[in-house]
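Residue numbers (the numbering used here): 91 to 821. Yeah, the Cβ is synthetic: ideal placement off N, Cα and C, and Gly gets one too. This structure is a prediction, so every number in the text was calculated from the model and none was measured.
Here is the structure:
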C-alpha cells in the first residue's frame, strides 16, 4: 500500500508542476522510486553542490516538458541549487522513513501502531498490493507482514526470480528465517542451493517420518500445485536417498517414486520368505487412502493393495457355471486386472515379480479348481448374439472385440457415460477367434474368413453395415451397425506379455467410441467378444504341461484336438466335433501345453478368463431435444446439375426448456471422408433453413445433420446424381 501513498504524494505535486524534489537522508526510501510511473524521469543527485548544478542542467536541457523527480540521499536543509525547486514546486521528505510511514498509516486506519522501526519498514516494503485491512492486521500483530511459508513455496518454484524481486533487507530477514525453518546454520550460498536445501530437508523428513508441521503444510501446498510439478521433480532427481531406509517407517504421503519401488522390493522379499506382511498392508492402506500427493504415487500401488487384500470368499457355495461367472465378474476380475497391471509395470524385474505372481496363482488355483469341477454344465451362449441384438427396434450398434476378456470390459464399462447392463456369455470351445466369431455371426460352420462371416450376417440382417471401429466417424449413418476391433488379440499374439502395456490405451479408445456412438444418435450399443485370454506369466520349463498321450491331430498352446478319448484326471476331455477332430483336450490349469513359439499371452483354453465374455448393453436415456429433419430427401435422390440444396425444418412443438432451440451444422461426406461443413444454424420450433453445396466429382455423397453441442446425428440421407440427366447429356 505504501506504493499508492508515495504515488499520491508525487502526483499531487506533479499535477501542478513538472518538478519535485525527494530527500532521503538514510536511503531507506529508495525502494519507492520503483513505484513511479514510467513517464517520470528520476535524476539521482549526489551530495556535492556541483551534483545539484548538473542535475538542474540535465533537467532543463534534456527533460523539457517531462516530469522530473530529483532524488537526493541527504536532508532537506542540505539542499543548495535544488532548494528553489523544493520551495517553489514541492519536496517530499523521506529523511525519517519511520515517521513517513506512521503518518500515512494513521491517516488510513486512525490508529497508532506499536510496531518497531525494523518491522514497520519491512511491512512497508511488503505492502504493495495490500489494503488497509492488511495494515490493520499487521499493526495489531494479527498478521505477520512476512509470509515466510508462502515465500518458501515461491522460493521452491522460481528461486532466482524471488531473490531478484524482493527488497534486499527483506531478503536477509527471509533468508534467516528459512535457515531457522530447516534447522541449519546460515551460510553464503546461491539461492538455487538454498532452495534445494529446503527440498532436501522436506524429503529427509518424509523418509524418516519426522517432517515438521510447518514444512509438511508447505509440502502439501507444493504437491497440490500443477505448476510445481516440474520444479519438484527436479528437486527429487537431485535428492540423495539415505542408505538402508525402512520404507514402512516413511511418511505415507511422500512424493518419492524411489520409495514406492523400494516398498515393492521389500514386500517381494517378505512374500518370498513367507514373512508376516501386516505392516505392508497397513502402510499401503494409508498411502492409497490419502488424497495428498496423488500425482506422485505409483499407479500400481492400488494393484498391490488389491493383491494383498484379496480373499476367495464362499467358493464352496457356488454350484453352477453361471454362479461362478457372476462371482468372477464381481469379485475375481479386479484381481486379474491388478496382476495384469503389475506385469506391465514390473515385467523387466522378473525376480521381484515372481512372489506376486505366486500369490496370485494360489488364488487363481482355488478359482480354477471350483470352475473345473463344474464344467460338465458348461454351455456356450454366444451364438447369434449379433443378429439377435440388431433385430431389436431402434438404431443399434454392436462392438465385437477380438480377445476382450471380462476384466478389461469391466474397467472399460466404468468409462461409459450412459447406463449399462453388464450381462455375460460363454464362449464356444476351443476359445479361438474363428470359432467365437463364427458363432457370434451366426455361421453354421466354423468360418476362417471374416468376409464370409459378415456375408452370413447380411442374410439375417440385410441392412447391417460392418466396419472397423477405428473407421467410425460422423459420416457413418447405418441403422444397424457392427464395429470390429481386433487390436487386443493382435498385440497379445505378437508381443505376448510386452503387449499388455497397450491395453490401457485400448480401454480408453473403445470407451471413447462407445460414447461417440451415443453422441451420434445410437440408442443402444452392445459390447461383446469372441473370447478372452490368460496371462501365462513368467514361466519355467517345468511349469509347462506335457502334451497328453492319444491320437492327437493338432496341439496348440491351450488345447489339443484328438480323435480318441483319454483317461487323465488332469485333462478335461470334451466330446465335440471341431473341424476334423472329434475330441478336445483342455488342461485343468491356466498354464500352456508345451508348444513352439513365445509364451505369456494365450487363448483357446477352458478357464473363466478365456470363456466368460462380456454381453454388455448400454442404453441412452437422454432428454429428447428439438427435432430437426431434412425435408427434401426425395429431391436429393435425383439431383440434376452440379449443385444441390439441403432444406432443414424443425418440428412444430410447444416451446419448452429442452425444445426451445437447437444448433446444428450440415456435413457432407464422400467415400467416408468429410468433404465440407456448413455454418451453424440455430433452429427453433417450425423454423426452416437452406444450404447449397457442390456435388462431388464422384457424384454420390451423404448429408449428415449434426447437433454441435452433443455431436448427435440429427438426420441424414444420401445424395444421388440423376442418371437421366447424364444420359441426356450424351445426345
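Sub-9 Å separation of residue i and residue j beta-carbons
| i | j | result |
| --- | --- | --- |
| residue 496 | residue 799 | no |
| residue 489 | residue 600 | yes |
| residue 754 | residue 783 | no |
| residue 318 | residue 252 | no |
| residue 704 | residue 635 | no |
| residue 171 | residue 142 | yes |
| residue 806 | residue 791 | no |
| residue 738 | residue 795 | yes |
| residue 331 | residue 198 | no |
| residue 361 | residue 304 | no |
| residue 592 | residue 603 | no |
| residue 254 | residue 282 | no |
| residue 290 | residue 211 | no |
| residue 691 | residue 590 | yes |
| residue 266 | residue 279 | no |
| residue 628 | residue 440 | yes |
Nearest to residue i (by Cα), restricted to the options the options
| i | options | result |
| --- | --- | --- |
| residue 779 | 733, 169, 756 | 756 |
| residue 652 | 658, 660, 659, 642 | 642 |
| residue 697 | 705, 108, 661 | 661 |
| residue 709 | 180, 438, 511 | 511 |
| residue 155 | 515, 129, 95 | 129 |
| residue 188 | 208, 199, 180 | 208 |
| residue 158 | 493, 193, 181 | 181 |
| residue 95 | 219, 132, 135 | 219 |
| residue 605 | 487, 306, 257, 555 | 487 |
| residue 284 | 214, 631, 262 | 262 |
| residue 479 | 267, 554, 759 | 554 |
| residue 162 | 197, 118, 576 | 118 |
| residue 552 | 760, 566, 572, 558 | 572 |
| residue 574 | 665, 543, 240 | 543 |
| residue 763 | 108, 563, 733, 715 | 563 |
| residue 560 | 397, 596, 587 | 596 |
| residue 722 | 694, 691, 656, 808 | 808 |
| residue 335 | 345, 530, 353 | 353 |
| residue 740 | 413, 108, 775 | 775 |
| residue 676 | 523, 658, 666, 695 | 695 |
| residue 632 | 684, 590, 581 | 684 |
| residue 777 | 765, 760, 751, 802 | 751 |
Residue i, buried or exposed, once every other Cβ within 10 Å from all chains shown has been counted against 16
| i | result |
| --- | --- |
| residue 472 | buried |
| residue 815 | Caution applies to residue 815, whose pLDDT of 49 falls short of 50 and renders its modelled position unreliable; the value that the coordinates give is listed next. Exposed. |
| residue 222 | exposed |
| residue 466 | exposed |
| residue 139 | exposed |
| residue 609 | buried |
| residue 380 | exposed |
| residue 106 | exposed |
| residue 454 | buried |
| residue 624 | buried |
| residue 509 | exposed |
| residue 820 | With a pLDDT of 44 at residue 820, under the threshold of 50, the modelled position of this residue cannot be trusted, and the question is left open. |
| residue 549 | exposed |
| residue 447 | buried |
| residue 527 | buried |
| residue 577 | buried |
| residue 368 | exposed |
| residue 452 | exposed |
| residue 146 | buried |
| residue 104 | buried |
| residue 817 | Note that residue 817 scores 46 on pLDDT, short of 50, meaning its location in the model is unreliable; the coordinates nonetheless yield the value given after this. Answer is exposed; the Cβ neighbour count stays below 16. |
| residue 503 | buried |
| residue 666 | exposed |
Cβ distance (whole Å) where residue i is taken to contact residue j below 8 Å
| i | j | result |
| --- | --- | --- |
| residue 195 | residue 113 | About 21 Å; that fails the 8 Å criterion. |
| residue 517 | residue 621 | 5 Å |
| residue 491 | residue 598 | 14 Å between Cβ atoms; not a contact. |
| residue 485 | residue 611 | 6 Å |
Practice task
For the segment 291-307 and the segment 338-351, state whether three or more C-beta atom pairs, one from each stretch, are separated by less than 8 Å.
Solution key: Contact between the segment 291-307 and the segment 338-351 is present: 3 or more CB-CB pairs across the two stretches fall below 8 Å.
Exercise for the section: Flag this pair as touching only if the segment 376-395 and the segment 422-440 have three or more C-beta atom pairs under 8 Å; answer yes or no. Expected result: yes
Practice task
Determine, using beta-carbon pairs with one atom in the segment 403-414 and one in the segment 449-464, whether at least three such pairs fall under 8 Å.
Solution key: yes
Problem - Inter-stretch contact (C-beta, 8 Å, three-pair minimum) for the segment 724-731 and the segment 520-539 - result: Segment contact: the segment 724-731 against the segment 520-539, fewer than three CB-CB distances shorter than 8 Å; contact not assigned.
Handout entry: Sufficient close CB pairs (3 or more, under 8 Å) joining the segment 310-324 to the segment 346-359
Key = Touching, no, given that fewer than three Cβ pairs across the two stretches are closer than 8 Å.
Problem - the segment 553-567 contacting the segment 663-674, beta-carbon criterion three pairs below 8 Å - result: no
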